[in-house]
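Numbering-wise, the sequence shown is residues 224 to 787 according to our numbering. Even for Gly, the Cβ is constructed at its ideal location relative to N, Cα and C.
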Amino acid sequence: MRRAGDCGSPVSGHPDGTVLAGCTGWPDETAEAYRASGYWRGESLTSLLRSWARAYGERTSLVHGERRISYADLDALVDRSAAGFRAHGITPGDRVVLQLPNVPEFVVVYFALLRAGAHPVFALAAHRANEIRHLCRVSGAVGHVIPKRHLGFDFEAMAEQVQTDTPELRSVFVLTSDEEVADGFVPLSEVDADPVDLPEPDASDVAFFLLSGGTTAMPKLIPRTHDDYAYQIRASAQVCRLSEEDVCLAVLPIEFNFPWGCPGVLGTLDVGGTVVLAGEAVAEDCFALVEREGVTFTSLVPTLARLWVDEARWTRRDLSSLRLIQVGGARLTPQLAARVQPALGCRLQQVFGMAEGLLCFTRDTDDDDTVVTTQGSPMSPGDEIRVVDDADQEVPVGRPGHLLVRGPYTLRGYFRAPEHNAHAFTDDGYYRTGDIVRHTAEGNLVVEGRAKDVIIRGGDKISAAEIEELLLDHLDVVQAAVVGLPDELLGERTCAVLVAAADNRPDLPQVKRALHARGVADYKLPDRVAYVDALPLTPLGKVDKKALAARVAVTASSGKGLCT
Ligand code: OOB
């Protein structure tokens, strides 16, 4: 078995050897140990859906608006859709970019592609041509699933644009109520055929791809196997003590790991509960759904938690069914954390996690202080955690250090990224998370900061390097550095600090327009622009982002000059 950093090594344990070139698996002896410990059970996600349908039959699996879908119907829809994808030329091993909002079709298409032997690649609904083109190229996707329009955006026009310069992308499938789609595109309703016998995917194979929050110019693809994700949903459902009485409200976009499988949508289905898909994240609309459907738990980023806590003071809705609010994805201040339980009348759970794997949760047995001030402890006894200094030497408990992790649901390598993998993993397979954490004496983790150059804006991860590259490519500037500025509601906002080429100093609207025209997703457009004569450098000659952020923050708060 080759190590992380190699390209083309097979996913460990698959009987045929190479399954999906470009993925790094676990070493054979580690895989065996994960099986022996019962973490990996050799069950594919599609076989789980089949067993859920058998066990929970007529119970409601999904609710969206007035639509309610039973477990048996979900399984049957997936069978028809899988046969339909095969009939439309999707074959085992194919990658298909899945870009849909929180609608039942997301769940159906996900399982149908898996059943057809293909691998969904989760795109954000917020992504635009720039990001989708990249995902298609890296994954070698042959298909793209989109809504016709969503929140006023014309996805068909974007998909046409992407297809023009992505020759492997053969098929675009469109979710629409009117059956009218652009020339050459396929309405999703036509991805439907009488069920055919399809072989079960091997559980040790890659099932689907999540996207990394990214430190690099473009998001990396995270291969998740059936075995590792099945374990994640089962174990996280146990941590949250989910049962078939639970009703999950999926508010965050379900293409994120957090609402999809921590325990989220899949963890709820695993125990026979009901998932309510919320199309809108507006707090009052969510409260109406909580009341109507008897929602028992949900997952939020701190920005949304803050809106819920504020709104709960005025609502007339009955929120008494809520028993658990998970908050994660970005730093939750102890001040806000302390307001969640009193305002919403239910337990708070802090979740510190990553699409790459590791999940930490505070537990229902923890005292209030632990829940308010820590990000909890790892989900699995199989999670191996190291907190180290710059020389990779372990630091004592209580001291902050870099968080490294390996375990039964943490990746060993990004897809087709050998150079990046070489420094994103240690030689013995630990993933370098880029987070700075400290251990408390009780064994909980507290996130102290980040070593990676990522800005977390309202829970959305923005790679500074990506925006810097775009700014340099598309604007007449000599240098560009993107930094995060503290923000009351979003946690951080982005500021593009530029060194002008000549007298020309594009202002904020011009900068935004230039990036928007290149098909960059809206959430990545800078919130502010500032000009400096030169970027400050560290002694090693790298841009000193800390100094720069401090300088820009002072200017921004004084309201003078520089920032627009
Ligand atoms: C979740 O996943 P990603 O992949 O979008 O982002 C991961 C990064 C972490 O490395 C850390 O930098 C940050 O987001 N983060 C937190 C945090 N939870 C995530 N920073 C401070 N406090 C927290 N509680 O964000 C994610 C995936 C699964 C569950 C929850 C969150």
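Contact under 8 Å by Cβ, residue i with residue j
i	j	result
A348	H373	yes
A453	R264	yes
S686	G437	yes
V595	A561	yes
L567	W531	yes
A305	A335	yes
R661	G621	yes
S544	V518	yes
A688	A511	no
R338	L421	yes
T588	G599	no
F638	F432	yes
E516	V331	no
S267	A460	no
G340	V414	no
L559	R529	yes
S435	A578	yes
I477	N727	no
F700	A757	Reading off the sequence, residue 700 comes out as Val, not Phe. For V700 and A757, no; Cβs fall outside 8 Å.
T526	G407	no
L695	R751	no
S466	V494	yes
C-alpha gap between residue i and residue j, whole angstroms
i	j	result
A244	A299	32 Å
V488	G764	46 Å
D592	Y294	40 Å
C569	R546	5 Å
E691	A704	6 Å
G784	T778	Below a pLDDT of 50, predicted positions are generally treated as unreliable, and G784, at 46, falls in that range; the measurement from the model is reported next regardless. When rounded, the distance between both Cα atoms is 7 Å.
D720	R680	For the record, residue 720 in the displayed sequence is Val; it is not Asp. So the alpha carbons of these two residues sit roughly 17 Å apart.
G445	V320	The question names Gly, but residue 445 is Ile in the sequence shown. Cα-Cα distance, rounded: 13 Å.
Q573	L626	18 Å
V404	R393	15 Å
C718	R774	12 Å
L358	D317	14 Å
W275	V611	42 Å
V670	T399	43 Å
D239	V498	Residue placement at D239 is flagged as unreliable, the pLDDT there being 41, under the threshold of 50; a coordinate-derived value is accordingly withheld.
D676	R356	23 Å
H237	D428	No answer about H237 holds up, because its pLDDT of 45 lies below 50 and its placement is not dependable.
Q455	V706	33 Å
P762	A770	12 Å
K684	T597	21 Å
F345	L738	23 Å
L500	E514	14 Å
G576	F378	30 Å
A724	P565	53 Å
E383	D613	46 Å
D508	D469	20 Å
S270	P759	56 Å
E665	G624	17 Å
Continuous alpha helix (DSSP H) stretch holding residue i: start and end
i	result
A674	No alpha helix (DSSP H) holds A674; DSSP gives it neither H nor E.
F575	Not the alpha helix (DSSP H): F575 falls in the beta strand (DSSP E), residues 570-577.
S270	268-279
S304	294-310
K735	731-740
D592	591-596
T526	525-535
V330	327-338
A386	The displayed chain sequence assigns Gln, not Ala, to residue 386. Taken as a continuous stretch (DSSP letters only), the alpha helix (DSSP H) holding Q386 covers 378-387.
D696	687-697
F481	480-484
V809	For residue 809 there is no data in the structure shown, the boundaries of the chain being 224 and 787.
F510	506-516
Endpoints, beta strand (DSSP E) assigned at residue i
i	result
Q549	547-551
L321	318-321
R539	Unbroken run through R539: none, as it is neither H nor E.
H342	342-345
S394	394-398
I608	607-611
G624	624-629
Q702	700-710
**Asked** Is there contact here, the stretch 597-608 with the stretch 630-637, by at least three beta-carbon pairs under 8 Å?
**Response** These segments touch.
**Message:** Does the stretch 372-392 come into contact with the stretch 275-289, if we say contact requires no fewer than three beta-carbon pairs (one atom in each stretch) closer than 8 Å?
**Reply:** Segments in contact, no.
**Request:** Inspect the CB distances between the stretch 343-360 and the stretch 734-752 and report whether three or more fall short of 8 Å.
**Result:** Verdict: yes, contact present.
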